[in-house]
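Asker: Sharing a structure with you now.
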């Protein structure tokens, strides 16, 4: 995967987009650390479809028994002085 500093990616943005369209992702770095990856729209959609949605995540949580959740202590009443 190609890696470019942000300033170089800005200067050659068209080339970065063309590379992504050819299936060649580019990592954009900022201050030497990876900040973003430019991929084609098709690749982004493919990756996005692989992620579960929130409802699927909730349904995947195992059932909790009563003993799995700590008991709450009653709240202390504050004096009104």
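In this note's numbering, the protein residues as written are 14 to 94. For glycine and all other residues, C-beta sits at the position ideal for the given N, C-alpha and C.
(1) Alpha carbon to alpha carbon, what distance is there between residue 79 and residue 51?
(2) Buried or exposed for residue 74, going by 16 or more other Cβ atoms inside 10 Å?
(3) With DSSP run on the structure shown, which of helix, strand or coil describes residue 79?
(4) Taking buried to mean at least 16 other C-beta atoms within 10 Å of its own C-beta, is residue 17 buried or exposed?
(5) Would you check if the distance between the CB atom of residue 41 and the CB atom of residue 22 is smaller than 7 Å?
Answerer: According to the structure shown:
(1) 46 Å
(2) exposed
(3) helix
(4) buried
(5) yes
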